[in-house]
Every structure is written in C-alpha cells, then in structure tokens.
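**Q** Numbering (my numbering), first residue to last: 27 to 395.
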Ligand SMILES: Cc1cc2nc3c(=O)[nH]c(=O)nc-3n(C[C@H](O)[C@H](O)[C@H](O)COP(=O)(O)OP(=O)(O)OC[C@H]3O[C@@H](n4cnc5c(N)ncnc54)[C@H](O)[C@@H]3O)c2cc1C
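Here's what the structure looks like:
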C-alpha cells in the first residue's frame with residue numbers, strides 16, 4: 027500500500043506533491059496523460075494566462091520572469107515540467123484512475139488498465155474543469171452541422187470562411203470568438219444567456235486579478251457595488267451592441283454560480299466593430315438551424331459550445347454525499363472530506379485558480395504531514 031497518492035499532475039497535484047516532499051512525505055502522482063500539465067497542453071493556441079505571472083506561480087519555485095507578465099500556454103507547460111523536475115516528483119503517466127473506494131485503512135483505486143492500487147491517503151486533484159459539458163438542447167441530435175466543445179478548439183484555421191456560432195460568453199467563449207474574428211471566419215456570433223461581467227485585464231498596469239485578491243473579502247453588497255461602478259468606468263456600454271449589463275452582482279454570481287468575470291482580451295473591441303455579433307441564448311435545434319431565445323433562428327456551419335465543464339468526480343466515487351449537485355466536493359482544501367481523503371483545486375475565487383491551488387496545496391500538505 028502506498029502511503030500518499032495524488033491524482034492528477036496538473037498545477038494543484040504537482041504543488042501538493044512538492045509541499046509534501048518538503049515536509050518529508052513521499053508520494054506517488056498518478057496522471058492519465060502522457061506528461062504533466064496535460065490539460066494545458068490541449069488548450070487553444072493563443073491562450074495566455076489571464077492571471078499575472080506573479081500571482082500564478084506554485085510554492086517555492088516561481089514562474090520565470092522571462093515568461094513575461096501574461097504567460098503563454100506553452101511556457102506554463104514548460105514551467106510545470108520544470109516544477110516536477112525541480113522537486114524530483116514521482117509522476118506516473120498513462121495512469122487513469124476510474125474508481126475510488128474506501129478500503130481497509132485507506133483507499134482502493136481501480137485504473138483504466140484494470141489494475142488496482144491502494145493508498146493510505148488520497149489527494150484528488152483531477153481539475154475543476156475536467157469533463158467538457160454541452161447542454162442537452164432539444165433537437166441537438168438532429169443537427170447536421172459541426173458542433174464542438176471549446177475544449178476541442180485549437181485555432182481559427184479550420185473555420186476560415188465559415189459562419190460560426192460560439193455559445194457562452196465566458197472567458198473561453200469570448201476569447202475564441204475574438205480568435206475566429208481575427209482568423210478569417212466569415213461570420214462570428216456569440217450566444218448569450220446571462221450577460222457577462224467584463225473587466226479590463228489591467229488598468230494602468232494594475233491587474234483586475236489584484237482587485238479580486240485585495241477586495242475579495244469585502245461584504246457581498248459592497249463588492250458588488252464597487253465592481254459595477256468600476257465596470258461602468260472601465261468598459262464601454264455594450265447595450266447598443268446587444269450585451270446588457272449583468273443584473274446580478276459579481277460576488278453574488280461567484281457565490282451562487284462559482285462565476286468569474288470575463289477578462290477583455292479583444293471581445294469589447296470586436297463587438298463594437300461588429301466582428302462578433304451578440305445573439306440570444308440557444309434554445310433548440312433542427313437539422314439545419316438553431317433556434318434562439320428571442321424567437322429568431324440562425325444557420326451556422328459550426329457551433330462552438332463554450333458551455334463549461336463538470337468535475338467528473340461523482341462518476342469516480344460511490345458516495346454521492348461527498349459532492350454538491352454540481353459535482354463539486356462539499357469539503358475541499360486543507361480539511362479532509364473523509365479520513366485520509368482530500369480534494370484540491372475545486373475552490374473558485376476571484377484571485378485565480380492557480381493562486382488558489384498554491385494556497386490549498388500548503389494547507390493539504392500541512393494537514394497530511
Ligand atoms: C481556457 C482556460 C484558461 C484558463 N486560464 C487560467 C488563468 O489564466 N489563471 C488561472 O489561475 N487559471 C486558469 N484556468 C483554470 C485552470 O484550469 C487552472 O488554473 C489549473 O489548470 C488548475 O490546475 P489543476 O491541477 O487543478 O487542474 P488541471 O490542470 O486540469 O490538472 C488536472 C490533471 O489531472 C489529470 N487527471 C484528470 N482525471 C484523471 C484521472 N481520472 N486519473 C488520473 N489523472 C487524471 C489531468 O490529465 C490533468 O493533468 C484556465 C482554464 C481554462 C480552461
């Protein structure tokens with residue numbers, strides 16, 4: 027039986043493994059992909075972190091200055107590879123854990139290849155954004171056009187000259203819409219159900235993320251009012267272009283929907299220029315057209331569903347009481363969810379997920395050590 031096993035060699039898993047090692051606790055990291063940072067390797071080409079380099083590094087080994095303020099996808103992968111090497115972490119790749127069950131004095135893991143392993147303590151860090159989710163829109167199965175999830179989008183090349191409908195104005199959807207508009211799609215529409223909170227990535231060198239870190243503890247009403255006032259100052263009024271102001275405060279949406287604001291890396295400019303056209307939410311499909319919530323229909327060649335992810339955790343565990351109805355662990359971070367069981371990287375904050383993973387990794391390692 028292993029002493030400590032970590033599931034997932036993403037930022038959170040690597041950080042906790044390094045923190046355990048620092049405290050004299052060896053552990054094994056099981057990773058389903060061919061290397062560390064599997065989820066980052068698969069993300070779209072133009073992706074830079076929306077959080078600053080200084081606030082995105084993992085404990086005891088910062089992201090190199092040479093990677094600049096907004097770290098490129100490939101540089102983050104390089105950094106995570108260097109992180110694993112630096113701390114000599116025991117990462118076993120190609121190891122997909124399918125089921126986890128309580129076992130005598132610990133946890134039993136069944137892997138995809140049919141083998142079983144057991145461990146006294148288990149840290150689950152398989153990623154909050156784990157399983158691409160696409161709504162079960164009525165008629166979806168009859169649709170004859172292309173439909174992909176944003177997780178499968180790499181760049182605009184395959185969509186050159188096409189009419190594309192991007193669904194969901196979150197960070198991925200907004201940036202993909204901009205990428206398509208710049209990359210030669212003939213028409214780009216962005217379907218919006220709930221108007222987004224849009225923030226400027228930085229203002230006079232001050233990153234929006236820092237507001238989340240410093241002001242995130244303000245009471246909800248005060249934070250909401252402040253965020254709304256700042257949005258009015260920073261972001262042009264997009265109502266004439268079809269994007270309403272959000273009805274609900276930012277911190278309220280964080281609490282109720284684990285929502286983080288959209289960092290503007292081009293969407294505001296593209297909407298004003300008419301290169302990205304906001305449309306109503308998707309309601310249903312026929313073979314060739316998509317019906318929208320305002321009663322109109324569109325006939326895109328391709329739909330890119332930037333409609334979020336599930337954690338995939340309820341499918342892994344027998345015990346549904348571990349999770350809320352969105353599949354997020356009820357107890358995570360430094361406190362054990364069950365004796366010898368920790369979940370890491372599932373808390374969404376305005377300070378950024380990488381920063382939060384770094385904070386939680388220390389707490390989990392302290393609790394285990
Ligand atoms: C497009 C996009 C942009 C983002 N930009 C930012 C940003 O700028 N700043 C920020 O802070 N956050 C950002 N995030 C959030 C980002 O997901 C996290 O910051 C970070 O990747 C979380 O690390 P993690 O280790 O928790 O999860 P992941 O990076 O997803 O790592 C989980 C690991 O677990 C492995 N795994 C999964 N299931 C299994 C299994 N069953 N068995 C074994 N291994 C498994 C995966 O292969 C993966 O390597 C972004 C997310 C997306 C989608």
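C-beta: ideal position from N, C-alpha, C; glycine also. From a predicted model like this one, the values you see are computed outputs, not experimental measurements.
Hey, could you find the ends of the alpha helix (DSSP H) residue 311 is sitting in?
**A** Translated into the one-based positions of the chain shown, residue 311 becomes position 285. Looking at the DSSP string, residue 311 is not in any alpha helix (DSSP H); the run it does join, the beta strand (DSSP E), is 308-311.
**Q** Let me make sure I understand the geometry here. Which of 302, 279, 309 has the alpha-carbon closest to that of residue 247?
**A** By 1-based counting over the chain shown, the position of residue 247 is 221. Out of 302, 279, 309, 279 has the C-alpha closest to the C-alpha of residue 247.
**Q** Could you tell me which whole alpha helix (DSSP H) segments of length 4 or greater appear in the stretch 158-220?
**A** Here the runs fully enclosed are 197-208.
**Q** Do you know how far the Cα of residue 121 is from the Cα of residue 345?
**A** Counted from its first residue, the chain shown places residue 345 at position 319. Counted from its first residue, the chain shown places residue 121 at position 95. Each residue's alpha carbon lies about 22 Å from the other.
**Q** Does the Cβ of residue 111 have 16 or more other Cβ atoms within 10 Å, making it buried, or fewer, making it exposed?
**A** Sequence index remark: in the chain shown, residue 111 carries index 85 (1-based). The residue is exposed, with fewer than 16 neighbouring Cβ atoms inside 10 Å.
**Q** Taking 6 Å as the limit between beta carbons, can you name the residues of its chain near residue 135, skipping five residues before and five after?
**A** For the purposes of this step, residue 135 is taken as the residue at position 109 of the chain shown. Cβ neighbours of residue 135 beyond the five flanking positions: 123, 126, 143.
**Q** Return the CA-CA distance between residue 141 and residue 234, expressed in angstroms with no decimal places.
**A** Mapped onto the chain shown, residue 141 falls at position 115. Mapped onto the chain shown, residue 234 falls at position 208. Approximately 46 Å between the Cα atoms of the pair.
**Q** Which residue comes first and which comes last in the beta strand (DSSP E) that contains residue 149?
**A** Position 123 of the chain shown, counted from the first residue, corresponds to residue 149. Residues 142-150.
**Q** To which residues of the same chain is residue 71 closer than 6 Å at the C-beta, ignoring the five residues directly before and after it?
**A** Stepping through the chain shown from its first residue, residue 71 is reached at position 45. Correct list, in chain order: 180, 181.
**Q** By a C-beta neighbour count over all protein chains shown, 10 Å radius and 16 as the cutoff for buried, is residue 230 buried or exposed?
**A** Counting from 1 along the chain shown, the entry for residue 230 is found at position 204. Residue 230 comes out exposed.
**Q** Should residue 283 be labelled buried (16 or more other beta-carbon atoms within 10 Å of its own) or exposed?
**A** On the chain shown, residue 283 is found 257 positions in, with the first residue counted as 1. Result: exposed.
**Q** Give every residue of the same chain whose Cβ lies closer than 6 Å to the Cβ of residue 102, excluding the five residues on either side of it in the sequence, and list them in chain order.
**A** In the chain shown, counting from the first residue as 1, residue 102 sits at position 76. Only 66 meet the Cβ criterion.
**Q** If you check the beta carbons only, do residue 42 and residue 315 fall under 7 Å apart?
**A** Here residue 42 refers to the residue found at position 16 of the chain shown. Here residue 315 refers to the residue found at position 289 of the chain shown. No.
**Q** Less than 7 Å between the beta carbons of residue 302 and residue 374, yes or no?
**A** Numbered from its first residue, the chain shown carries residue 302 at position 276. Numbered from its first residue, the chain shown carries residue 374 at position 348. Contact flag unset, no.
**Q** Give a single yes or no on whether residue 151 has its beta carbon closer than 6 Å to a heavy atom of ligand 1.
**A** Residue numbering aside, residue 151 sits at position 125 when the chain shown is read from its first letter. For ligand 1, at least one heavy atom lies less than 6 Å from the Cβ of residue 151.
**Q** What span of residues does the beta strand (DSSP E) with residue 281 cover, start to end?
**A** By 1-based counting over the chain shown, the position of residue 281 is 255. Careful: residue 281 lies outside any beta strand (DSSP E), inside the alpha helix (DSSP H) at 276-283.
**Q** DSSP beta-bridge partners for residue 232?
**A** Mapped onto the chain shown, residue 232 falls at position 206. Note: residue 232 sits in a beta bridge opposite 229.
**Q** Judging by CA-CA distance, which residue of 295, 269, 171, 173 is the nearest neighbour of residue 207?
**A** The residue labelled residue 207 in the question sits at position 181 within the chain shown. Answer by Cα proximity: 295.
**Q** Tell me the residue span of the beta strand (DSSP E) that contains residue 329.
**A** Start at 1 with the first residue of the chain shown, and residue 329 comes out as number 303. Start and end: 328-331.
**Q** Can you round the beta-carbon distance between residue 330 and residue 202 to whole angstroms, since I take them to be within the 8 Å contact cut?
**A** Translated into the one-based positions of the chain shown, residue 330 becomes position 304. Translated into the one-based positions of the chain shown, residue 202 becomes position 176. At roughly 6 Å, the Cβ-Cβ gap stays under 8 Å, so residue 330 and residue 202 are in contact.
**Q** Is residue 125 helix, strand or coil when you go by DSSP?
**A** The sequence position of residue 125 within the chain shown is 99, counting from 1. Note: residue 125 maps to strand in three-state DSSP.
**Q** Taking its Cβ as the centre, do 16 or more other Cβ atoms sit within 10 Å of residue 186, making it buried, or is it exposed?
**A** Numbered from its first residue, the chain shown carries residue 186 at position 160. Residue 186 should be labelled exposed.
**Q** Cβ atoms of residue 152 and residue 34: under 7 Å apart, would you say?
**A** Along the chain shown, one-based indexing puts residue 34 at 8. Along the chain shown, one-based indexing puts residue 152 at 126. Contact flag set, yes.
**Q** To the nearest angstrom, how far is it from the Cα of residue 38 to the Cα of residue 313?
**A** Looking up residue 38 in the chain shown gives position 12. Looking up residue 313 in the chain shown gives position 287. If I take the Cα positions, the gap works out to 42 Å.
**Q** If you pair each beta-carbon of the stretch 50-57 with each one of the stretch 74-92, do three or more pairs fall below 8 Å?
**A** Verdict: no, contact absent.
**Q** I need the boundaries of the alpha helix (DSSP H) containing residue 260, first residue and last residue.
**A** Position 234 of the chain shown holds residue 260. Where residue 260 is concerned, the enclosing alpha helix (DSSP H) stretches over 246-260.
**Q** Contact check, residue 276 vs residue 250 under 8 Å by CB: the rounded distance?
**A** Mapped onto the chain shown, residue 276 falls at position 250. Mapped onto the chain shown, residue 250 falls at position 224. Contact flag correct, Cβ pair sits at about 6 Å.
**Q** What first and last residue would you give for the alpha helix (DSSP H) that runs through residue 64?
**A** For the purposes of this step, residue 64 is identified with residue 38 of the chain shown, where counting begins at 1. Where residue 64 is concerned, the enclosing alpha helix (DSSP H) stretches over 64-67.
**Q** Excluding the 5 residues preceding and the 5 following residue 378 in the sequence, name in chain order all residues of the same chain whose CB lies nearer than 7 Å to its CB.
**A** The residue you call residue 378 lines up with position 352 of the chain shown. The answer, listed in chain order, is 77, 81, 82, 235.
**Q** Tell me where the beta strand (DSSP E) around residue 289 begins and ends.
**A** On the chain shown, position 263 is the one that residue 289 refers to. First-last of the beta strand (DSSP E) with residue 289: 288-290.
**Q** Let me make sure I understand the geometry here. Which of 380, 334, 338, 389 has the alpha-carbon closest to that of residue 358?
**A** Residue 358 sits at position 332 when you count from the first residue of the chain shown. Ranking the options by Cα distance to residue 358, first place goes to 389.
**Q** Could you check if residue 391 belongs to the surroundings of ligand 3, using beta carbon to heavy atom distance under 6 Å?
**A** For the structure depicted, ligand 3 is absent and the ligand set comprises only ligand 1.
**Q** Using a Cβ-Cβ cutoff of less than 6 Å, which residues in the same chain neighbour residue 292 once the five nearest sequence positions on both sides are dropped?
**A** Taking the first residue of the chain shown as 1, we reach residue 292 at position 266. If we look at residue 292 and ignore the five residues flanking it on each side, its Cβ neighbours are 204.
**Q** Helix, strand or coil for residue 317? Go by DSSP, reduced to three states.
**A** Walking along the chain shown from the start, residue 317 turns up at place 291. In the structure shown, residue 317 sits in a strand (DSSP, three-state: E or B).
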